[in-house]
Every structure is written in structure tokens, then in C-alpha cells.
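Worksheet: one structure, shown below.
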Amino acid sequence: MTPADLVLTPLGLRFLGRNLPCATGRGGISANKREGDGATPRGTHRIVAMLYRPDRLARPAAWARPIGPRDLWSDDVTDPDYNRMVRAPHAYSHENLRRPDPLYDLVLITDWNWPRAEPGRGSAIFLHQWRKPRHPTEGCIALSRDDLLWVARRVTPGARLIVA
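Here the working numbering = 1-based position in the sequence shown + 829.
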């Protein structure tokens, strides 16, 4: 491990010498992640993309891509585009990336079950803003807005997220 790794510990998310309070999945940490189980998958995952709401915050890093009004994430295991970003209209079950609340104003996307998704293994493990301190997620890792912005300004594409 290096200081540039994001490491989930019992005390929070360690990154560049700081320990940041965070929330994880309501289903705990799992070595056998499944769609809908609410678990955060154990393992080493890479940060593969960063998305942000340009109407709500400035671009946090040069490699961040804006979230548009039609951007969605497919979570339907029968969708050929399962666990991928898609555009509206989309006939399959999906999550809207441009949410009315601030949870997805800034999103770091991991390579969990991506780019070749195995149906049912679980979609999209993001790092995003928490609903309230340490409130469980559906499997993602959530941080305060300030801490998420701090990470986003310093993390690089391909950085490792280690969930032990």
C-alpha cells in the first residue's frame, strides 16, 4: 500500500495521510457482492472515472466529466448495458445520475464489475457524498462533501481503493 491508495479501515477512509469519516453499505463488507444486497465489495478496485454536476460545483479535476440531464446508470441485469453509463430515454431499470439531492454532485466511479459486467454481481460502486454522517449506502462509500472534494482534487485515474 502507498499513501496514494484509498484504504477503507474501521476508522474511515485513509488517503494521503488523512483518515476521513465515511459510510459504507448497509449490507456490510462482502466477498460475495450481489445486485441489491447493499454490501460494499471486498477487494482492490481502481478509480476509473470522475463525474460532477457543473451546475452545482466547479470542475474538481481536469479529468472530471460533467453529468448531463440525460445521464443514467443501468442497474438492470437483463440490460446489455448493465453496469454502464447510459442516456435517457432508456428502457431498462436505471439510476438517474443527475439527482435532485446532492448525493451525486460529485462521483468517483470504481471498476467494480466493470467494464465487462457479470449480471447479478452488483452494479456501480461509487464514492459519493453521504446523505448524513455515516448513514449507510446501497454499497457505495460515502463521504462528507468537503472530504469528497478534497479527495477528488488529489486522486488520480487508476488510483486503488482497497476494501479489506
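Here a beta-carbon is modelled for each residue, glycine too, at the ideal position from N, C-alpha and C.
If you're wondering where the values come from, they're calculated on a predicted model, not measured in any experiment.
In the DSSP annotation of this structure, the continuous segment of the alpha helix (DSSP H) that includes A981 starts and ends at 974-981. Closest option to G951, judged by alpha-carbon separation, among G841, P839, D904: D904. The DSSP-derived three-state label of E924 is strand.
Annotated three-state conformation of V906 is coil, per DSSP.
Straight-line measurement puts the Cα of D884 at about 32 angstroms from the Cα of V992.
In the DSSP assignment, G872 forms a beta bridge with V992. According to the DSSP secondary-structure assignment, P895 is paired through a beta bridge with Y881. As a beta-bridge residue in DSSP terms, R916 pairs with D900.
Around the beta carbon of N942, 16 or more other beta carbons lie within 10 angstroms, which makes this residue buried. DSSP places A852 in the strand class (E or B) of the three-state scheme. Here R871 has I858, A860, V992 as same chain residues with Cβ atoms under 6 angstroms from its own Cβ, once five neighbours each way along the sequence are excluded. Per DSSP, the unbroken beta strand (DSSP E) holding H957 starts and ends at 955-958.
Look at G846 here: in three-state DSSP terms it is coil, with no helix or strand label. Ranked by how close their Cα comes to the Cα of L901, the residues R928, D940, L935 have R928 in first place. Assignment of G841 by DSSP, reduced to helix, strand and coil, places it in the strand class.
DSSP places T939 within a strand segment (E or B) once states are collapsed to three.
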